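Notes follow the structure.
There are 2 protein chains.
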Amino acid sequence: MSADLINSSSWKKMQTLAQSPFDLTAEAALSSSGRIARMICHTAGLRLLYATQRVDADVLNVFQEFADEHSLIHRYQEMRKGKVLNKIKGWESENRQVLHTSSRDIFVSTPKEPHSAGQARVELEKLDDFLNEINQQGRYTTLINVGIGGSDLGPRAVYEALKAYNIQGREVRFLANVDPDDAAAILSSVDLTRTLVVVVSKSGTTLETLTNEQLVRARYIEAGLDPAQHFVAVTGSGSPMDNPTSYLRSFYMYDYIGGRYSVTSMVGCLALGFALGMDKLRAFLRGANEMDEACENPSVADNMALLLALLGIWNHNSLGYPTLAVLPYSQGLHRFTAHLQQCDMESNGKSVTINGSPAPIKTGPIVWGEPGTNGQHAFYQLLHQGTEVVPAEFIGFLENQYEMDIVFNNTTSQQKLLANVLAQAVALATGRVHENPNKCFMGNRPSSIILGDRLDPLNMGRLLALYEAKIVYQGFSWKINSFDQEGVELGKILASRFLDHMIDTQKSSTSVEGQFLDVLEK
Amino acid sequence: MSADLINSSSWKKMQTLAQSPFDLTAEAALSSSGRIARMICHTAGLRLLYATQRVDADVLNVFQEFADEHSLIHRYQEMRKGKVLNKIKGWESENRQVLHTSSRDIFVSTPKEPHSAGQARVELEKLDDFLNEINQQGRYTTLINVGIGGSDLGPRAVYEALKAYNIQGREVRFLANVDPDDAAAILSSVDLTRTLVVVVSKSGTTLETLTNEQLVRARYIEAGLDPAQHFVAVTGSGSPMDNPTSYLRSFYMYDYIGGRYSVTSMVGCLALGFALGMDKLRAFLRGANEMDEACENPSVADNMALLLALLGIWNHNSLGYPTLAVLPYSQGLHRFTAHLQQCDMESNGKSVTINGSPAPIKTGPIVWGEPGTNGQHAFYQLLHQGTEVVPAEFIGFLENQYEMDIVFNNTTSQQKLLANVLAQAVALATGRVHENPNKCFMGNRPSSIILGDRLDPLNMGRLLALYEAKIVYQGFSWKINSFDQEGVELGKILASRFLDHMIDTQKSSTSVEGQFLDVLEK
Numbered sequence: 012m013s014a015d016l017i018n019s020s021s022w023k024k025m026q027t028l029a030q031s032p033f034d035l036t037a038e039a040a041l042s043s044s045g046r047i048a049r050m051i052c053h054t055a056g057l058r059l060l061y062a063t064q065r066v067d068a069d070v071l072n073v074f075q076e077f078a079d080e081h082s083l084i085h086r087y088q089e090m091r092k093g094k095v096l097n098k099i100k101g102w103e104s105e106n107r108q109v110l111h112t113s114s115r116d117i118f119v120s121t122p123k124e125p126h127s128a129g130q131a132r133v134e135l136e137k138l139d140d141f142l143n144e145i146n147q148q149g150r151y152t153t154l155i156n157v158g159i160g161g162s163d164l165g166p167r168a169v170y171e172a173l174k175a176y177n178i179q180g181r182e183v184r185f186l187a188n189v190d191p192d193d194a195a196a197i198l199s200s201v202d203l204t205r206t207l208v209v210v211v212s213k214s215g216t217t218l219e220t221l222t223n224e225q226l227v228r229a230r231y232i233e234a235g236l237d238p239a240q241h242f243v244a245v246t247g248s249g250s251p252m253d254n255p256t257s258y259l260r261s262f263y264m265y266d267y268i269g270g271r272y273s274v275t276s277m278v279g280c281l282a283l284g285f286a287l288g289m290d291k292l293r294a295f296l297r298g299a300n301e302m303d304e305a306c307e308n309p310s311v312a313d314n315m316a317l318l319l320a321l322l323g324i325w326n327h328n329s330l331g332y333p334t335l336a337v338l339p340y341s342q343g344l345h346r347f348t349a350h351l352q353q354c355d356m357e358s359n360g361k362s363v364t365i366n367g368s369p370a371p372i373k374t375g376p377i378v379w380g381e382p383g384t385n386g387q388h389a390f391y392q393l394l395h396q397g398t399e400v401v402p403a404e405f406i407g408f409l410e411n412q413y414e415m416d417i418v419f420n421n422t423t424s425q426q427k428l429l430a431n432v433l434a435q436a437v438a439l440a441t442g443r444v445h446e447n448p449n450k451c452f453m454g455n456r457p458s459s460i461i462l463g464d465r466l467d468p469l470n471m472g473r474l475l476a477l478y479e480a481k482i483v484y485q486g487f488s489w490k491i492n493s494f495d496q497e498g499v500e501l502g503k504i505l506a507s508r509f510l511d512h513m514i515d516t517q518k519s520s521t522s523v524e525g526q527f528l529d530v531l532e533k
Numbered sequence: 012m013s014a015d016l017i018n019s020s021s022w023k024k025m026q027t028l029a030q031s032p033f034d035l036t037a038e039a040a041l042s043s044s045g046r047i048a049r050m051i052c053h054t055a056g057l058r059l060l061y062a063t064q065r066v067d068a069d070v071l072n073v074f075q076e077f078a079d080e081h082s083l084i085h086r087y088q089e090m091r092k093g094k095v096l097n098k099i100k101g102w103e104s105e106n107r108q109v110l111h112t113s114s115r116d117i118f119v120s121t122p123k124e125p126h127s128a129g130q131a132r133v134e135l136e137k138l139d140d141f142l143n144e145i146n147q148q149g150r151y152t153t154l155i156n157v158g159i160g161g162s163d164l165g166p167r168a169v170y171e172a173l174k175a176y177n178i179q180g181r182e183v184r185f186l187a188n189v190d191p192d193d194a195a196a197i198l199s200s201v202d203l204t205r206t207l208v209v210v211v212s213k214s215g216t217t218l219e220t221l222t223n224e225q226l227v228r229a230r231y232i233e234a235g236l237d238p239a240q241h242f243v244a245v246t247g248s249g250s251p252m253d254n255p256t257s258y259l260r261s262f263y264m265y266d267y268i269g270g271r272y273s274v275t276s277m278v279g280c281l282a283l284g285f286a287l288g289m290d291k292l293r294a295f296l297r298g299a300n301e302m303d304e305a306c307e308n309p310s311v312a313d314n315m316a317l318l319l320a321l322l323g324i325w326n327h328n329s330l331g332y333p334t335l336a337v338l339p340y341s342q343g344l345h346r347f348t349a350h351l352q353q354c355d356m357e358s359n360g361k362s363v364t365i366n367g368s369p370a371p372i373k374t375g376p377i378v379w380g381e382p383g384t385n386g387q388h389a390f391y392q393l394l395h396q397g398t399e400v401v402p403a404e405f406i407g408f409l410e411n412q413y414e415m416d417i418v419f420n421n422t423t424s425q426q427k428l429l430a431n432v433l434a435q436a437v438a439l440a441t442g443r444v445h446e447n448p449n450k451c452f453m454g455n456r457p458s459s460i461i462l463g464d465r466l467d468p469l470n471m472g473r474l475l476a477l478y479e480a481k482i483v484y485q486g487f488s489w490k491i492n493s494f495d496q497e498g499v500e501l502g503k504i505l506a507s508r509f510l511d512h513m514i515d516t517q518k519s520s521t522s523v524e525g526q527f528l529d530v531l532e533k
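So the protein sequences, as listed, match chains E and C. Adding 11 to a residue's 1-based position in the first sequence gives its number in this note's numbering. Adding 11 to a residue's 1-based position in the second sequence gives its number in this note's numbering.
Below, the structure written as C-alpha cells:
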C-alpha cells in the first residue's frame, strides 16, 4: 500500500536537501522575510514556533510530499478506527488494536471506534461513582499509586504538572521501584488509615508491582487494618488481580492500550481523578481528545504533531543528530521528559520494520532533558559549545499556575522564564562570532518552541496527546511497530536466572562476582 | 610538556585497536578465561565490574600507555596542589586554581594545598558552631536551599541519596527554578517560623536566586517575621550577599571551586549538615577524600576514576557513541544523574583546547539516565533493540538503607535489584540470536557496573568524588578546560535583551511572536 521508505521520492528529496540545510547563522537569517511569523503552527490551542529549525519552504514542501506519499494521515485514522497495527507481518507478535485515543473519545455520540470508547465511558462512570463515595466518606487524603513503567511515569508526570489544581488536602504518592528504600521512604510519611492504595498492572503479574503491593499490604496488616478496605485494582478483566475479595474495587484496562499510552485510561484516571476531581479530569481528557482530532489535519503546516514528527526525522535521519532534548520551562513539567523517554524510546527504539526486515535507517532518537531555567545552569554549556549537536524542543507558557509571582528588576518571574526560552532558541540558532575562540558559539543548532497559555488540565491533555501523536507519526514514517516492547524480555529472563541462583546459594558466602560468573557458566 | 593528543602514539594505537573491538557476543566471551574476575577494579571501597566493556588486555595496556604519555596522574596531582588550570593559554579566561578536593582534605595535618584546606576547616568549624546553636534552640525543622545549577543539583542529589540518615524531623527543600510555581509549591507546604532559608550564590548576583530570595523574603515579611533571623548566606567573601544586616550568618565559598564541583564545600555542607548532623557530614567528606587519594594511583587497573575515564573515551571517541547512560539501581540516587549531567556536560562540553585551538576530536558526551528498575520498564527497549548504541554505567549496592525489605517469590527486593543490574549488563553484552527477527538482540552494547556495599554517607562521598575525578581525567585527556562555562553567556545576554523589550512594551498587547521578531530586528 504505502511506498518503500528509502526508495520513495520524498525521502530521497529530503536527503538531497539536507546537503545544504538552511543556515541560521547567516545575516538576518531569522528576522528577514517574515520567517518567524510564517513559521508558527497553531493546533488545538497550542503554538509551535519553528523558525529556529534548519528548514525552509522547500523542506516543508517535501514534508508534505512525504506525509502524502506514505499515507501518514490515513494510517493515523486507521489507528483511531481500530485497525490491528500492533503486529509484525509474518511473525508471532501481539496482534492488537491501538486505541489509546478511544479512552478520551467520550465527548461525542459517534466516537471513532464505538466499542472501546464505550468501555472507556463505563469505567469513567464507575470512577465517578467511586470518587463520590469517597468524597462523602471524607476519609482519604492520600493515594499511593503502585505501578511501574507506563503505570507510573505518565500518571506521575501529569499529576506533578497539575498539582496546583489539586483538591485541598489531597496528595498522591507514587511507588514504582523494587528498591525497598523507595517503599520505606513513602510508608514512613503517610497515615495508612487515610490512604487508598491503587495497584496498577494490566497482566496482574508485574514482579516489581506485586512485590511492592505485598510490602504495603504487610504494613496494613501490622497496623491492624484490613487491606481490602484500602486497596483498589486497575488491571485487565480476568487477571489474577481482578478479585473482589482482595480489593475494594476493580477498574479495567484493555489490551488495545499499551502501558506508555495509558495515561488517559484508568491507569492515570484513578490518581488524577482522586487528586483533581472529575471536572478537571474531564477537562484533561477533553484536551487530549481535541488534539487527537486536530492530528487528522492533512496539512503538515497546520498539524503540529505531524510537523514535530517530520522535523524530528529531518534532524535525526537527514542531519544525523542522535538525540532530542525536551526542555520544559515550567517546573510543573519536571517529570514530563521522563514520561516521554518511555513513550518515545520504548515505542520507536526498534530495529525491525513492520514486515520483519531490518530497519534500513535509524529509528527513534535518545530523548532526554530537564526543566529550564535550571538546565541553563547545568548542561546547556554542551548544547551551546559542545561537539555534540542536540536538537531541542522547548515548552513554555505565558501565564503561571499559582498566581504568585514577583516583580524583580522590573519583570515578573514568568516573564523571565519566557525571555529565557526565546533567548535560548535564538542563541542556539544564530551563534556568535568572537575574537576569543572560547567565547565563540557555532550556532545552527536547531530547536522549536511549543507555547501554551497556561499549564492547566486542558493544555496538559493537549500536550500529552501531541507527543503521543508525534511518536506514532514517527513510527509510521519509519515503518516500525511503535506498540510492542520485545526489547525488555531478555533482561527479564536473565534476571530470573540470577534470582534462581541467589535462591540456590542463599546464605552461602558467594560474592557478587562469583554469582555473576556462576550464572554465566551455567 | 604533555604530547599532542591525536598525534600521540597511544591515541593512534587506540584507534587502530578500535577497528576490531572485543566481541562480547562470541561463544563464552564473558565466562571464559577468568575475564570477569580479572576485570574488576577495587578503589576506596567501591568495585567496578567492566568485563561487559568491549576491551581486552591489549586495550587496557594502551590505556596505561595513554595515561603515562599524557601525564594524566601528574596533572591531577598538580590540580590538587593548586596549579592554575582553569585557563585558556593566550586568551582572557578565568585564570583560577581548581581546588574542590581541598574542601575535604581536612583529615591530615599536611593537606595537598594548605591554604585552601585551611579555609575549608574554618568554614566547617563555623558550621559546627552554628548547627550546635540551632540544635540547642530546637527551633528549625526545615531548611529551604535557594540556589541554582551547582548550588542546587549536587546538594539536592546527595541530600536525596542520604535522606534515610536524616536527623528525625528534619527536612530540606530545594528552590531553584525562576518559575514562580516552584516557589509557590514549596512555600505552601512549610512552616516559616520553623524554617531556615539558605541562599547560595558565589557572586551574590545570580538572577534566579536573587528573584527567589526576594519572593521568599516577601513571604516572611507578610507573615510578620524578620527575615534576618531566618536567612543564611553562602557566598563569596565580599559579595553583595556578604552582609550581616540581612543574614543570620554568612558562610564562604571561594573562586577556586567551581559551582558544579562545590557539593563538599559550604554549598552542600549547609543543607547536608542540617539534615544529617556533623558526624555524618564528616563521613561523607571522608569518603570523598579517600577517593581523591585513591585517584592518584598511577596504575589504570587500580584507579577506578581513571579507568572509567578511559573506558568512556574508548566508547565515545574510538567506538563513536555520542551518549552515556548513568543508571543507578537505587531510588536514593534518583537525582544523581541530573547532578552528573551538570558536572560532566558543563565541564567537558567544549570545542576549544587549553591552547585556544579547535578541539580536533569529540569532547564530552551527552549524559542522561534514570534509576533502575524503573528505566527497564521505560527506555531500556531502545538500549536493547534501538538503532542507537548507548554505553551504560550501572550503579548498585549490596544492602539497602532502611532495613525494611520483603521476601517475595523467595528473594528480597534488594536481591531483585541486584539480579536486575547483573542481568541488564549481560543482556546488553551478549545479545540473543532468535529466529523471530523482532526477538533478536544485537548485543555488543558496552556497560560497567559500579558496586558499593550500601548507599551511606561514606560511600556517597566516594561515589561523588569518583565521578568528579573521572570528569577531570577526561578533560585532561581531551586537553580542554573542564572548569569554565563560557557557553552559558550568550543565552544570558539575549535573555536580557528580551527582558528589556518586555519592560518597554509592558501592558501593550504585543504577542510573543511579535516580541521575538522585535528583539531580533533590533
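Ideal placement from N, C-alpha and C gives every residue a C-beta, glycine not left out. Model, not experiment: these values are computed from the prediction.
### Query
Are the beta-carbon atoms belonging to L296/C and R465/C less than 7 Å from one another?
No. Outside cutoff.
### Query
Taking the Cβ atom as the reference point for each residue, do N314/C and I372/C lie within a distance shorter than 7 Å?
Not a contact, by the Cβ cut-off of 7 Å.
### Task
Please state whether DSSP places A95/C in a helix, a strand or coil.
Here the sequence assigns Val to residue 95/C, which means Ala is not the residue at that position. The answer is strand: DSSP assigns V95/C an E or B state.
### Query
Between M513/C and chain E, is there a C-beta pair that is closer than 7 Å?
Chain E, which has a Cβ nearer than 7 Å to the Cβ of M513/C, makes this yes.
### Query
Helix, strand or coil: how does DSSP classify L57/E here?
In the three-state DSSP reduction, L57/E falls in the strand class (E or B).
### Query
What distance in whole Å lies between the Cβ atoms of V363/E and I99/E, which are believed to be in contact at a cut-off of 8 Å?
Rounded, the Cβ-Cβ distance is 7 Å, consistent with contact.
### Query
Does the beta carbon of S20/C come closer than 7 Å to any beta carbon on chain E?
Chain E has no Cβ within less than 7 Å of the Cβ of S20/C.
#### Entry: First and last residue of the uninterrupted alpha helix (DSSP H) at E357/C
DSSP places E357/C inside the alpha helix (DSSP H), whose first and last residues are 347-359.
### CB contact below 7 Å: L71/C versus chain E
Residue contact with chain E for L71/C: absent (no Cβ-Cβ distance below 7 Å to any residue of chain E).
### Task
Quick one: which residues of the segment 172-193 of chain C get their C-beta closer than 8 Å to a C-beta of chain E? List them in chain order.
So the list reads K174, A175, A187, N188, V189, D190, P191, D192, D193, given in the order they occur along the chain.
### Query
In chain C, what lies closer than 7 Å to W325/E by C-beta?
Within chain C, no residue has its beta carbon less than 7 Å from that of W325/E; the closest one is some 17 Å off.
### Task
Find the nearest neighbour of F185/E within the set T27/E, R150/E, N223/E, judged by alpha-carbon distance.
Comparing alpha carbon positions, the residue from T27/E, R150/E, N223/E closest to F185/E is N223/E.
#### Entry: Three or more C-beta pairs below 8 Å linking the segment 83-91 of chain C and the segment 264-276 of chain C
No, the segment 83-91 of chain C does not touch the segment 264-276 of chain C.
### Message
Closest to P402/C by C-alpha separation, out of L433/C, F408/C, Q353/C, L330/C, would be which residue?
### Response
Of L433/C, F408/C, Q353/C, L330/C, the residue nearest in Cα terms is L330/C.
### Task
Determine the chain C residues that contact Q387/E at a beta-carbon separation under 7 Å, and present them in chain order.
Those are V499, G502, listed as they occur along chain C.
### Task
Determine the closest residue to K490/C out of F390/C, K123/C, A68/C, G360/C, with distance taken between C-alpha atoms.
Ranked by how close their Cα comes to the Cα of K490/C, the residues F390/C, K123/C, A68/C, G360/C have G360/C in first place.
### Query
If we ignore side chains and look at the alpha-carbon of each, how far apart do S42/C and L528/E end up?
Across the structure, S42/C and L528/E are spaced so that their CA atoms are roughly 6 Å apart.
### Query
By DSSP, does T364/E sit in helix, in strand, or in coil?
Of the three classes helix, strand and coil, the one that applies to T364/E here is strand, per DSSP.
### Task
Under 9 Å between beta-carbons, which chain E residues line up against G367/C? List them in chain order, please.
Result: N447, P448, N449.
### Query
Interface residues of chain C around E219/E at Cβ under 7 Å?
The answer, in chain order, is T384.
#### Entry: CA-to-CA distance, G463/C to L335/C, given in whole angstroms
The C-alpha of L335/C lies about 21 Å from the C-alpha of G463/C.
### Query
Unbroken alpha helix (DSSP H) runs of length 4 or more, entirely within the segment 305-333 of chain E: which are they?
If we require 4 residues or more, the alpha helix (DSSP H) runs fully inside the segment 305-333 of chain E come out as 315-324.
### Message
Is the beta carbon of D190/E closer than 7 Å to that of Q75/C?
### Response
Not closer than 7 Å, so no.
### Message
Tell me whether the segment 294-308 of chain C and the segment 387-405 of chain C touch, counting them as touching only if at least three CB pairs, one residue from each stretch, are closer than 8 Å.
### Response
Result no; under three Cβ-Cβ pairs closer than 8 Å.
### Query
Whose C-beta lies closer than 6 Å to the C-beta of V109/C among residues of the same chain, with five residues either side of it excluded?
If we look at V109/C and ignore the five residues flanking it on each side, its Cβ neighbours are M90, L96, N97, F494.
### Query
Is I377/C near E404/E, with beta carbons less than 7 Å apart?
In this structure, E404/E does not lie closer than 7 Å to I377/C by Cβ.
### N-terminal and C-terminal residue of the alpha helix (DSSP H) that A244/C is part of
Counting along the chain, A244/C falls outside any alpha helix (DSSP H), though it belongs to the beta strand (DSSP E) covering 242-247.
### Query
Counting Cβ pairs closer than 8 Å, one from the segment 201-214 of chain C and one from the segment 242-260 of chain C, do we hit at least three?
Touching, yes.
### Message
My assumption, with CB atoms under 8 Å, is that A286/C sits in contact with P468/C. Please give the rounded CB distance.
### Response
Contact check for A286/C and P468/C: beta-carbon distance about 11 Å, past the 8 Å limit, so the pair fails to qualify.
### Query
What does I9/C pair with, by DSSP beta-bridge criteria?
No statement about residue 9/C is possible, as the shown extent of chain C runs from 12 to 533 and does not include it.
### Query
Mind checking K23/C: buried by the 16 CB within 10 Å criterion, or exposed?
Residue burial is scored here from C-beta neighbours: K23/C has fewer than 16 other C-beta atoms within 10 angstroms and is therefore classed as exposed.
### Query
Does DSSP classify V337/E as helix, strand or coil?
It is a strand residue.
### Message
Would V201/C and F242/C be called neighbours here (beta carbons separated by less than 7 Å)?
### Response
Not a contact, by the Cβ cut-off of 7 Å.
### Message
Just to confirm, is the Cβ distance from V73/E to S21/E under 7 Å?
### Response
Their beta carbons are under 7 Å apart, which means V73/E touches S21/E by this criterion.
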